[in-house]
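In what follows, a single structure is set out as structure tokens and then discussed.
2 protein chains.
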Amino acid sequence: MSQRKMRLGAFIMATGHHVAAWRHPGSQADSGTNIDHYIEVAQTAERGLFDQVFVADSPGLQYKGDDEALRRQGRVSYFEPVTLWAALAAVTKHIGFVATASTTYEDPYLLARKFASLDHISKGRAAWNVVTTSADNVHGNFGLEAHPDPAVRYERAHEFVDVVKGLWDSYDDDAFLRDQASGVYFDPQKLHALNHVGKHFRVKGPLNIGRPPQGHPVIVQAGSSEDGKELAAATAEAIFAAWTSLGEAQAFYRDVKGRMAKYGRRPEQLLVLPGISPVIGRTEDEAKAKWAELQGLIHPAVGLNTLASFWPIAELRRFELDAPPPWYPEPPKGINSRAHVVIELARREKFTVRQLYEYLAGARGHWVVVGTPQTIADRMQEWFENGAADGFNVMPPVLPQSLNEFVELVVPELQRRGLFRTAYEGRTLRENLGLERPASRYTASAQELAA
Amino acid sequence: MSQRKMRLGAFIMATGHHVAAWRHPGSQADSGTNIDHYIEVAQTAERGLFDQVFVADSPGLQYKGDDEALRRQGRVSYFEPVTLWAALAAVTKHIGFVATASTTYEDPYLLARKFASLDHISKGRAAWNVVTTSADNVHGNFGLEAHPDPAVRYERAHEFVDVVKGLWDSYDDDAFLRDQASGVYFDPQKLHALNHVGKHFRVKGPLNIGRPPQGHPVIVQAGSSEDGKELAAATAEAIFAAWTSLGEAQAFYRDVKGRMAKYGRRPEQLLVLPGISPVIGRTEDEAKAKWAELQGLIHPAVGLNTLASFWPIAELRRFELDAPPPWYPEPPKGINSRAHVVIELARREKFTVRQLYEYLAGARGHWVVVGTPQTIADRMQEWFENGAADGFNVMPPVLPQSLNEFVELVVPELQRRGLFRTAYEGRTLRENLGLERPASRYTASAQELAA
Ligand SMILES: Cc1cc2nc3c(=O)[nH]c(=O)nc-3n(C[C@H](O)[C@H](O)[C@H](O)COP(=O)(O)O)c2cc1C
Ligand SMILES: Cc1cc2nc3c(=O)[nH]c(=O)nc-3n(C[C@H](O)[C@H](O)[C@H](O)COP(=O)(O)O)c2cc1C
């Protein structure tokens, strides 16, 4: 029996992770703004002893394509993550809540406040997925002319995270006396103004809420560029990644953990959680049939739209869907390197147009494992025991159906193998993830001076 | 029996509205960040058929005074309003949620998003208390040199509210088809980009969430300067006010409703809700004893601090508490007009120093009614039936205790008189308040063109 346990998060894309999930009878088509759906899903994840649920986010609509593709996109109306998780905190007891929020478009004081609030509301179950926003078309919502360059975004992100952590430390853990008899509520000596003056922000502080139960909500990161990996190595306690092979995942795992020492951090202070989208059948054939059914729900307009960065949309419309792309096997000149990879893939696999877009759209670039609970557990175990993962970000293709199946079929299999908990260990998300509670920057330096 | 019904909101200042509430045994001293306390209070208000609960807010600490007064302030750590109400929406069914948020320090896209999210989460029970922020010491949290002037703040507020309403209309009510068979999720013709370019904001839109169930969350306003009244007349659907006499309240009621016609609005589209802080006893003597007990909990350092704008703090410290202020009855020269009013009051009432600060600190400038359920109902009825109020913002001095008493004793008395509902009428806050659901600015103009 393995002693080390897998960490599991559930990636809650409203109707499910698959691009056509909302058309599937196992989904809830209006779930982007259906609170009852989210309550059901979070309670299912908690029943399955998941560490956390996670929502992706972008502060603006990311739809693209012509009207024909656009009208078929299911992810165009959705809750703001922190309000969503605050609601679910009130109807759950153990599960953690990872909310995505942007360092490029939010304000550090307001963000520190809302995450501290979520941590108090949930009694220590909040986490912040720090993103610099991948969408390059939302800056107009914030009066900016353009999406800032990655270098600027990441520079701002480092300063932003530092400010937010400083604000969370405004009150010492033991600042509140609340002595009704003497009338002393708190100790002003244990309240600290941040007085931050930096390149991107000037923030006086202090924050108007006591130190979060977890000290700091857990910091999560999800970018895998060089800048993204440095941000993770410097500050993150969990990192999401998208890899489709063991080798890539291992290389990433070594890479990102190897960057931590220079920030004075130990490898176990950062959990690497690759995504896995499991398509579960009681037999391999049932699983394959499920996947085929899902892939068959991708409308050609949506599928062709995923190819729009490789071929002009007007040409795509004239393609025969069940034949190879017309200029296959001769790639056109002047196309970019990503397109070459795709065309190489299509050639190697002898894909028709439909098969090519199904491949690209169905997976969204993540690891899809189609099989029985046993084969899925096998693959997870392989990654977990071979330096590729500390756990997984489980991306149920259809919600609530695929999460129900995972909890009923895969979780017990992982438990039988001793790879996953059989009860929550702690009260807070940090305790369940096995992460330390950070000391305050104010008391920490006092302790270091004394040491 | 009166047909017109009172609207009631509960003002939820964590431990209670009284400045020393947290020292009272009927309060919950840590309630600023105690979610179980808020759940209890919201459920009590719902049991009492209140229209709404309300939280005040400031994006920064407002504490002031020397350390001796400071350490005794109970309101220094509290939830962010929208996350708090999102949590409570999940454990209630009928009550509305009024969250205060600042047009001076928040961002319109993010604010529109979080309130739309709260409205969806609560299935139509959200309201926004629009404030320009009264605290003049929080600008440093947002990188500003100074608190903007009132004129600038209100100019920004008008534009801010207009942008937020426009963003809420991004999707038409019937934009979502979600037809699983054909694969059409929504109609892009029913999605509108705002493309706002104004003096304070450039906001492209559209918002990434469907139109709120209420069309727009209810708009509430709480400033009573000239600028504040204009903002209310132009946009608010409910207004909070602080008056201590029938005459003042009547004048305000007429004034603010009289300003609406020039914005094309009818008086009944704005509910005037003055504050009332009820101190309830089964007899008049019991009520008076309760008030005296509360007033006696005001620590002299906190009490003297309320006089600090009239006398220098060093002098205050030398005052005899149970004698008249030392230079009474001769006011010092060069003090401001507000100080004159206070000194006049002290002279007229022959107040000692302690009585003077108890008067100022205990009421926070609001209307305190000390009496039996019958006398309290009498006063409310008097205001309600004589053009001073459409309902009240009930400010329980101690929480949860005073709200429990109000629900058990005053609500039934109001119901017996036919002044208050005996069951919720509608599903949404708007329906309960008797407010119309606003048409979208896009479909409204089409209708107007057709008319
Ligand atoms: C599982 C996962 C979830 C992510 N979620 C988001 C998200 O919600 N919002 C976002 O802007 N970026 C998100 N990202 C990050 C972007 O995809 C990221 O910007 C991209 O990987 C490019 O990396 P870079 O930002 O380091 O350049 C996510 C990444 C992964 C792997
Ligand atoms: C019941 C009530 C609640 C209020 N709540 C807040 C609040 O939470 N935050 C805030 O900044 N101002 C609040 N105000 C408004 C300020 O008190 C207001 O700024 C002040 O009345 C001065 O008016 P003016 O803003 O129109 O100048 C409230 C007012 C009342 C009467």
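Protein chains in written order, with full-length UniProt numbering: chain A, 1 to 451; chain B, 1 to 451. Glycine is no exception: its CB is placed at the ideal position from the N, C-alpha and C atoms.
**Study point:** Length of the line joining the Cα atoms of Gly198 (chain A) and Glu159 (chain A)
**Key:** Locating residue 198 (chain A) in the first sequence gives position 198, counting from the first residue. Locating residue 159 (chain A) in the first sequence gives position 159, counting from the first residue. Near 7 Å, if we compare the C-alpha coordinates of Glu159 (chain A) and Gly198 (chain A).
Review point. Beta strand (DSSP E) containing residue 456 (chain A): first to last residue?
Key: Residue numbering for chain A in the displayed model covers 1 to 451; residue 456 (chain A) lies beyond these limits and cannot be assessed.
Point to revise | C-beta neighbour in chain A for Gln180 (chain B), strict 8 Å | key: The count along the second sequence starts at 1 and reaches residue 180 (chain B) at position 180. Judged by the 8 Å Cβ criterion, Gln180 (chain B) is in contact with chain A.
**Study point:** Rounded straight-line distance, which links the Cα of Gln52 (chain A) to that of Leu8 (chain A)
**Key:** By 1-based counting over the first sequence, the position of residue 8 (chain A) is 8. By 1-based counting over the first sequence, the position of residue 52 (chain A) is 52. C-alpha of Leu8 (chain A) to C-alpha of Gln52 (chain A): approximately 7 Å in a straight line.
Review point. Say the cut is 7 Å; is the CB of Ala126 (chain B) nearer than that to a heavy atom of ligand 1?
Key: On the second sequence, position 126 is the one that residue 126 (chain B) refers to. No, the Cβ of Ala126 (chain B) stays beyond 7 Å of every heavy atom of ligand 1.
Check your understanding: Nearest to Leu194 (chain A) by alpha carbon, out of A:Pro25, A:Val164, A:Leu118, A:Leu433?
Key -> Here residue 194 (chain A) refers to the residue found at position 194 of the first sequence. Ranking A:Pro25, A:Val164, A:Leu118, A:Leu433 by Cα distance to Leu194 (chain A) puts A:Val164 first.
Exercise for review: Identify, in the order they occur along the chain, each residue of the same chain with its Cβ nearer than 7 Å to the Cβ of Leu61 (chain B), setting aside the five sequence neighbours on each side.
Suggested key: Counted from its first residue, the second sequence places residue 61 (chain B) at position 61. These residues qualify, in order along the chain: Val76.
Practice item. Report yes if the C-beta of Thr33 (chain A) is less than 7 Å from at least one heavy atom of ligand 1; otherwise report no. Key: What you label residue 33 (chain A) is simply residue 33 of the first sequence in a count that begins at 1. Result no, Cβ not under 7 Å from ligand 1.
Practice item. Identify whether Ala363 (chain A) lies in helix, strand or coil by the three-state DSSP scheme. Key: Reading the first sequence from its first residue, position 363 is the one you call residue 363 (chain A). Three-state DSSP puts Ala363 (chain A) in a helix.
**Study point:** Euclidean distance between Cα positions of Tyr78 (chain B) and Arg113 (chain B)
**Key:** Taking the second sequence and counting its residues from 1, the one referred to as residue 78 (chain B) is at position 78. Taking the second sequence and counting its residues from 1, the one referred to as residue 113 (chain B) is at position 113. Going by the C-alpha atoms only, they are around 22 Å apart.
Exercise for review: Would you please state the rounded distance, in angstroms, between the beta carbons of residue 482 (chain B) and Leu88 (chain B)? I believe it to be under 8 Å.
Suggested key: What is shown of chain B runs 1 to 451, which leaves residue 482 (chain B) out entirely.
Check your understanding: How would the residue list near ligand 2 read, in chain order, if you kept each one whose beta-carbon is closer than 7 Å to any heavy atom?
Key -> B:Phe11, B:Ala56, B:Asp57, B:Ser58, B:Thr100, B:Ser102, B:Asn129, B:Val131, B:Thr132, B:Thr133, B:Ser134, B:Ala135, B:Pro150, B:Ala222, B:Gly223, B:Ser224, B:Ser225, B:Asp227, B:Gly228, B:Phe240, B:Ala241, B:Ala242, B:Gly275, B:Asn393
Exercise for review: Establish whether the CB of Pro400 (chain B) and some CB of chain A are separated by less than 8 Å.
Suggested key: Taking the first residue of the second sequence as position 1, residue 400 (chain B) is located at position 400. Chain A, which has no Cβ nearer than 8 Å to the Cβ of Pro400 (chain B), makes this no.
Practice item. List the residues that DSSP assigns as beta-bridge partners of Gly391 (chain A). Key: Indexing the first sequence from 1 puts residue 391 (chain A) at position 391. BP columns for Gly391 (chain A) point to A:Arg7.
Check your understanding: Quick one, which residues of the region 64-84 of chain A are near chain B if we go by CB-CB under 8 Å, in chain order?
Key -> Asp67, Leu70, Arg71, Arg72, Gln73, Gly74, Val76, Ser77, Tyr78, Phe79, Glu80, Val82, Thr83, Leu84
Check your understanding: Skipping 5 residues on each side, what residues in its chain have a beta carbon closer than 7 Å to that of Gly365 (chain A)?
Key -> Here residue 365 (chain A) is taken as the residue at index 365 of the first sequence, counted from 1. So the qualifying residues of the chain are Ala242.
Check your understanding: So who's on the other strand from Pro324 (chain B), going by DSSP bridges?
Key -> To locate residue 324 (chain B), count along the second sequence from 1; it is residue 324. DSSP output for Pro324 (chain B) lists no bridge partner at all.
Exercise for review: Measure the Cβ-Cβ separation of Arg441 (chain A) and Arg430 (chain A) and say whether it is below 8 Å.
Suggested key: Counting from one through the first sequence, the residue named residue 441 (chain A) turns up at place 441. Counting from one through the first sequence, the residue named residue 430 (chain A) turns up at place 430. Going by C-beta atoms, Arg441 (chain A) is not nearer than 8 Å to Arg430 (chain A).
Practice item. Report back the beta-carbon spacing between Leu49 (chain A) and Val411 (chain A) to the nearest angstrom; my notes put them in contact at under 8 Å. Key: Residue mapping note: residue 49 (chain A) aligns to position 49 of the first sequence, counting from 1. Residue mapping note: residue 411 (chain A) aligns to position 411 of the first sequence, counting from 1. Sure, about 7 Å apart at Cβ, within 8 Å.
Exercise for review: Note down the Cα distance separating Ser102 (chain B) from Thr283 (chain B), rounded to an integer number of angstroms.
Suggested key: The count along the second sequence starts at 1 and reaches residue 102 (chain B) at position 102. The count along the second sequence starts at 1 and reaches residue 283 (chain B) at position 283. Taking the straight line from one Cα to the other gives about 42 Å.
Review point. If Phe240 (chain B) and Ala251 (chain B) are in contact, beta carbons under 8 Å, what's the gap, nearest whole angstrom?
Key: Taking the first residue of the second sequence as 1, we reach residue 240 (chain B) at position 240. Taking the first residue of the second sequence as 1, we reach residue 251 (chain B) at position 251. Not a contact, Cβ separation roughly 16 Å.
Point to revise | Through-space distance from Val203 (chain B) to Ile219 (chain B), alpha-carbon basis | key: In the second sequence, residue 219 (chain B) corresponds to position 219, counting from 1. In the second sequence, residue 203 (chain B) corresponds to position 203, counting from 1. Looking at the two C-alpha atoms, the distance is approximately 20 Å.
Review point. Okay, do the region 246-261 of chain A and the region 123-135 of chain A touch, 3+ Cβ pairs below 8 Å being the bar?
Key: no
Check your understanding: If you count every other CB in all the chains shown that lies within 10 Å of the CB of Gly432 (chain A), and 16 or more means buried, which is it?
Key -> Translated into positions along the first sequence, residue 432 (chain A) becomes position 432. One point to set straight first is that residue 432 (chain A) is Asn, not Gly, in the sequence displayed. Classification of Asn432 (chain A): buried, given that the 10 Å Cβ count is 16 or more.
Point to revise | Inter-stretch contact at 8 Å, needing at least 3 Cβ pairs: the region 136-152 of chain A / the region 203-214 of chain B | key: yes
**Study point:** Validate contact between the region 392-409 of chain B and the region 61-75 of chain B using beta carbons, cut 8 Å, 3 pairs
**Key:** no
**Study point:** Distance, Lys190 (chain B) Cα to Gln295 (chain B) Cα
**Key:** Translated into the one-based positions of the second sequence, residue 295 (chain B) becomes position 295. Translated into the one-based positions of the second sequence, residue 190 (chain B) becomes position 190. About 58 Å.
**Study point:** Touching by the beta-carbon criterion (3+ pairs, under 8 Å), the region 311-327 of chain B and the region 373-392 of chain B
**Key:** no
Review point. Quick one: does Ser117 (chain B) have its CB under 8 Å from some CB of chain A?
Key: On the second sequence, position 117 is the one that residue 117 (chain B) refers to. Yes, because at least one Cβ of chain A sits closer than 8 Å to the Cβ of Ser117 (chain B).
Point to revise | Proximal residues to Gly426 (chain A) (C-beta, below 6 Å), its chain only, five neighbours per side dropped | key: For the purposes of this step, residue 426 (chain A) is identified with residue 426 of the first sequence, where counting begins at 1. Around Gly426 (chain A): Asn432.
Exercise for review: Kindly indicate the opening and closing residues of the beta strand (DSSP E) around Val407 (chain A).
Suggested key: Residue numbering aside, residue 407 (chain A) sits at position 407 when the first sequence is read from its first letter. For Val407 (chain A), there is no enclosing beta strand (DSSP E), since its DSSP letter is neither H nor E.
**Study point:** Proximity test, Cβ basis, 8 Å: His158 (chain B) and chain A
**Key:** On the second sequence, residue 158 (chain B) is found 158 positions in, with the first residue counted as 1. So, not an interface residue.
Review point. Which one of B:Lys262, B:Ala346, B:Thr306 has the shortest CA to CA distance from Val19 (chain B)?
Key: Position 19 of the second sequence, counted from the first residue, corresponds to residue 19 (chain B). Of the listed residues, the one whose Cα sits closest to Val19 (chain B) is B:Thr306.
Exercise for review: Within the same chain, show all residues whose beta-carbon is closer than 8 Å to that of Gln415 (chain A), passing over the 5 residues directly before and after it, in chain order.
Suggested key: Here residue 415 (chain A) is taken as the residue at index 415 of the first sequence, counted from 1. Cβ neighbours of Gln415 (chain A) beyond the five flanking positions: Arg421, Thr422.
Point to revise | Within-8 Å CB hit, Pro188 (chain A) to chain B | key: To locate residue 188 (chain A), count along the first sequence from 1; it is residue 188. Judged by the 8 Å Cβ criterion, Pro188 (chain A) is in contact with chain B.
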